[in-house]
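In terms of mature numbering (1 follows the signal peptide of the UniProt record, and there is no 0), the sequence shown is residues -23 to -1, 1 to 487.
Only one structure is covered here, and it is reproduced in the block below.
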Amino acid sequence: MNTLSRRSLVVGGLGLLGSGALAACSAPSISSTAGTGSGVASAGAGQRVVAKTLTARPVRLDLGGPSVSTWAYGDSAPGPLIRATTGDRLRITVDNQLPAQTTVHWHGIALDQAADGVPRVTQDPIAAGATYTYDYTAPDPGTYFYHPHVGVQLDRALYAPLIIDDPQEPGDYDHEWILVLDDWVDGTGRTPDDILTTLTSSGEGGMDHGTMGGMTGAEGMEGMDMSSGSSEGRTGVAHGNMGAGDSPYGDDAGDVAYPHYLVNGRVPADPEVLTAKPGQRVRLRIINAAADTIFTVALGGHRMTVTHTDGFPVQPQDTHALYLGMGERYDATVTLTDGVFPFVAVPLGKEGQAMSLVRTGSGAAPSPSVRPAELDKPVLVGAELKPADSARLEAREPDVRLELAMTGQMNPYEWGFNGAPYGQHDPLEIQEGQRVRLDVANHTMMAHPLHLHGHTFALPNGLRKDTVLIAPMQSMAIDLQADNPGNWLIHCHNIYHAEAGMTTELKYRP
Ligand SMILES: [Cu+2]
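What follows is the structure in structure tokens.
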């Protein structure tokens, strides 16, 4: 399910049907996944319906050596690809065979809030043994993913890609490869719930945090410009392109030292092998589904051209390597040369790496610990990409400005916004039709990927994102158009931080 050759579809005659054929074509591979049914039907008023059943259940998975007991959608990590076309209606029934409540969140989709999958905000959690149907329209094309929004379930195998195809997309590439990154611990002697308990009781999940354990959110706030609307005040990180050893996100990027890092559910010792011919163009859709790990990604021997982030197009940008925060997605194209190449995802501030192999010719596979030279070259900071003109928010002064300070520390393990954990938070209140500016300020010594549900926001340079990495002590003003009424979460996409309180709500007043 992780590879799809557009050329083979065209050769099969399906290309004439446009991108709609992609969803229909992907259906058989999805229905072949045990416990997962699917179908595509036309709906009334010309809207096509993509209907599937997703079964969440305990499974045993082979990660390419390590065999683990975990929870998954169907019987694989990542779970089954869901694919539709812009404007389609998705009707996804979740059959919860887990021994726990769950929900599914469709990360990045500007959907009707009733389908957003947030327990006690948009729905009651789906009880063990129960089913629930999500029904929503996907308004924007792009690379998305889906995962639970209950506890730290995301840190099991409960994640999978969600691709919305663009009927206008020229598709001038020979292959499309979806690459899902993950950090893995479940079934290795600890569960994610064990780790959350350890973190919240002692502040240590296995990482050596050195001297930062006593750092509090209030320290270092003095002198920060929290209100400036100037472009200088809105971007706290001055320089983006730094080597991997000199990351703007610091070395203390995560809380958990994971035993394994995965691309498409495989460890580097027995990686997935992606095959193509020399000279072919490939579209990579890279998704960071990890719970606690920022990755630096590179393809050995190649430069990538980044074309989209979080679904939206950017001005194409060449790079040797790029950072991906948890919940972020980047699309890139690459023209392949002849040989065998490692696609690596190196966890920031942690040991080990994730890897897939790209094979266009003969040759020995590189070592699982290979470090491509691209990692020593400047690494692209996604927030510095420029938006494609088609992706820009219409210029407008904000009607309302709201402060969103990221606060907390490791010891005690408490995270929040504006000094309060979720549950004691004051929702950020807005009204439909407003242009809203969120003055985000990271008052902590860690990087946090900030994720907003139901909307895509604009960074100071106009870049459209739904998840953005905020560096330690960085401030950044982000603008959004209040065009999707409801009650939406804003949270850190480090799932342990989110669970420990770094979650709040953006609430439309009636
Ligand atoms: Cu965080």
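All residues carry an ideal CB built from backbone N, CA and C; glycine is no exception.
Since the structure is predicted, the reported quantities are computational estimates derived from the model, not experimental observations.
Just list the residues that DSSP pairs Ala104 with in beta bridges. One-based indexing of the sequence shown puts residue 104 at position 127. In the DSSP output, where bridge partners are listed per residue, Ala104 has none listed.
Note down the Cα distance separating Asn241 from Asp159, rounded to an integer number of angstroms. Residue 241 sits at position 264 when you count from the first residue of the sequence shown. Residue 159 sits at position 182 when you count from the first residue of the sequence shown. Answer to the nearest angstrom: the Cα atoms are 8 Å apart.
Is Trp392 near ligand 1, judged by its Cβ being under 7 Å from some heavy atom? For the purposes of this step, residue 392 is identified with residue 415 of the sequence shown, where counting begins at 1. Correct: Trp392 has its Cβ closer than 7 Å to ligand 1.
Since Ala298 is in the beta strand (DSSP E), which residue starts that stretch and which ends it? Position 321 of the sequence shown, counted from the start, is the residue given in the question as residue 298. Ala298 to Leu301 is the extent of the beta strand (DSSP E) around Ala298.
Skipping 5 residues on each side, what residues in its chain have a beta carbon closer than 6 Å to that of Tyr390? Counted from its first residue, the sequence shown places residue 390 at position 413. Leu176, Thr177, Gly180 and Ala477, listed in sequence order.
Taking the alpha carbon of Gln451 as the reference point, which residue from Asn419, Thr433 and Ala267 has its own alpha carbon closest? Position 474 of the sequence shown, counted from the first residue, corresponds to residue 451. Nearest C-alpha to Gln451: Asn419.
Cα separation between Ile103 and Ala267? Position 126 of the sequence shown, counted from the first residue, corresponds to residue 103. Position 290 of the sequence shown, counted from the first residue, corresponds to residue 267. Looking at the two C-alpha atoms, the distance is approximately 23 Å.
Determine contact between the stretch 280 to 289 and the stretch 297 to 316, defined as no fewer than three beta-carbon pairs at a distance below 8 Å. yes
So what's Ser205 in DSSP terms, helix, strand or just coil? As a position in the sequence shown, residue 205 is number 228, starting the count at 1. Bear in mind that a pLDDT of 30 at Ser205, under 50, signals an unreliable position, so the model cannot answer this.
If you count every other CB in all the chains shown that lies within 10 Å of the CB of Val250, and 16 or more means buried, which is it? Here residue 250 corresponds to residue number 273 of the sequence shown, with the count starting at 1. By the 10 Å Cβ count, Val250 comes out exposed.
Cβ of residue 557 within 8 Å of Cβ of Val445? This structure gives no information on residue 557, because the portion of the chain shown stretches from -23 to 487.
Within the stretch 144 to 181, note down every full beta strand (DSSP E) run reaching 3 residues or more, in order along the chain. 152 to 161
By how many angstroms is the C-alpha of Leu301 removed from the C-alpha of Pro5? In the sequence shown, residue 5 corresponds to position 28, counting from 1. In the sequence shown, residue 301 corresponds to position 324, counting from 1. Bear in mind that the predicted position of Pro5 carries a pLDDT of just 30, short of 50, making it unreliable; the figure below should be weighed with that in mind. Going by the C-alpha atoms only, they are around 31 Å apart.
Within the present structure, is the beta-carbon of Asn438 separated from the nearest heavy atom of ligand 1 by less than 7 Å? Here the question's residue 438 lines up with position 461 in the sequence shown. Every heavy atom of ligand 1 is 7 Å or more from the Cβ of Asn438, so no.
Check for me: the alpha helix (DSSP H) holding Ala54 runs from which residue to which? If you number the sequence shown from 1, residue 54 lands on position 77. It is not in any alpha helix (DSSP H) - Ala54 carries neither H nor E in the DSSP assignment.
Mapping the DSSP letters down to three states, classify Tyr473 as helix, strand or coil. Within the sequence shown, residue 473 is the residue found at index 496, counting from 1. The answer is helix: DSSP assigns Tyr473 an H, G or I state.
Can the beta-carbon of Pro319 be found closer than 8 Å to that of Gly277? Numbered from its first residue, the sequence shown carries residue 319 at position 342. Numbered from its first residue, the sequence shown carries residue 277 at position 300. A contact, by the Cβ cut-off of 8 Å.
Do Thr481 and Pro375 have their CB atoms nearer than 8 Å? Taking the sequence shown and counting its residues from 1, the one referred to as residue 481 is at position 504. Taking the sequence shown and counting its residues from 1, the one referred to as residue 375 is at position 398. Against a cut-off of 8 Å, the Cβ pair of Pro375 and Thr481 comes out as no contact.
For Ser452, the three-state DSSP class (helix, strand or coil): Here residue 452 refers to the residue found at position 475 when the sequence shown is read from its first residue. Correct three-state label for Ser452: strand.
Please check the pair Tyr111 and Ala92, which I expect to be a contact at CB under 8 Å, by giving their CB distance rounded to whole angstroms. Position 134 of the sequence shown holds residue 111. Position 115 of the sequence shown holds residue 92. About 5 Å; that satisfies the 8 Å criterion.
What I want to know is whether the C-beta of Asn471 ends up closer than 7 Å to one or more non-hydrogen atoms of ligand 1. As a working note, residue 471 is residue 494 in the sequence shown. It does: the Cβ of Asn471 is within 7 Å (strictly closer) of some heavy atom of ligand 1.
Whole-number beta carbon distance between His468 and His432, since they are thought to touch under 8 Å: Residue 432 sits at position 455 when you count from the first residue of the sequence shown. Residue 468 sits at position 491 when you count from the first residue of the sequence shown. That belief does not hold up - the Cβ atoms of His432 and His468 are roughly 13 Å apart, past 8 Å.
Can you have a look at residue 538 and say buried or exposed, based on whether 16 or more other CB atoms are within 10 angstroms of its CB? No statement about residue 538 is possible, as the shown extent of the chain runs from -23 to 487 and does not include it.
Work out the CA separation of Gln145 and Gly164 for me, nearest whole Å. Counting from 1 along the sequence shown, the entry for residue 164 is found at position 187. Counting from 1 along the sequence shown, the entry for residue 145 is found at position 168. The alpha-carbon atoms of Gly164 and Gln145 are separated by roughly 43 Å.
If you follow the beta strand (DSSP E) that Glu391 is in, where does it begin and where does it stop? Taking the sequence shown and counting its residues from 1, the one referred to as residue 391 is at position 414. Glu391 to Phe394 is the extent of the beta strand (DSSP E) around Glu391.
Taking 8 Å as the threshold, find out whether the stretch 69 to 80 comes into contact with the stretch 27 to 41 through three or more Cβ pairs. yes
Out of Val321, Pro449 and Gly326, which has the shortest C-alpha to C-alpha gap to Leu299? Here residue 299 corresponds to residue number 322 of the sequence shown, with the count starting at 1. That would be Val321, whose Cα lies nearest to the Cα of Leu299.
Need the endpoints of the beta strand (DSSP E) that Glu482 sits in, please. Here residue 482 is taken as the residue at index 505 of the sequence shown, counted from 1. Unbroken beta strand (DSSP E) run through Glu482: Thr480 to Tyr485.
Nearest to Leu239 (by Cα), restricted to the options Ser333, Pro225 and Leu261: Looking up residue 239 in the sequence shown gives position 262. Closest option to Leu239, Cα to Cα, is Ser333.
For residue 496, write down the residues that DSSP places opposite it in a beta bridge. Coverage of the chain is limited to positions -23 through 487, which leaves residue 496 absent and any answer about it impossible.
Range covered by the beta strand (DSSP E) that runs through Tyr121: For the purposes of this step, residue 121 is taken as the residue at position 144 of the sequence shown. First-last of the beta strand (DSSP E) with Tyr121: Gly119 to His124.
With DSSP as the reference, identify every bridge partner of Ala425, one or two as the case may be. Here the question's residue 425 lines up with position 448 in the sequence shown. Residue 425 is actually His in this sequence, not Ala. According to DSSP, His425 bridges with Ile447.
Measuring CA to CA, which of Val26, Pro116 and Arg60 is closest to Asp460? One-based indexing of the sequence shown puts residue 460 at position 483. Cα-wise, what sits closest to Asp460 is Pro116.
Using three-state DSSP, classify Gln294 as helix, strand or coil. Numbered from its first residue, the sequence shown carries residue 294 at position 317. In the structure shown, Gln294 sits in a strand (DSSP, three-state: E or B).
Roughly how many angstroms separate the alpha carbons of Asn471 and Thr270, rounded to a whole number? For the purposes of this step, residue 471 is taken as the residue at position 494 of the sequence shown. For the purposes of this step, residue 270 is taken as the residue at position 293 of the sequence shown. Taking the straight line joining both Cα atoms gives about 8 Å.
Can you determine whether any heavy atom of ligand 1 sits closer than 7 Å to the C-beta of Met450, and answer yes or no? The count along the sequence shown starts at 1 and reaches residue 450 at position 473. The answer is no for Met450.
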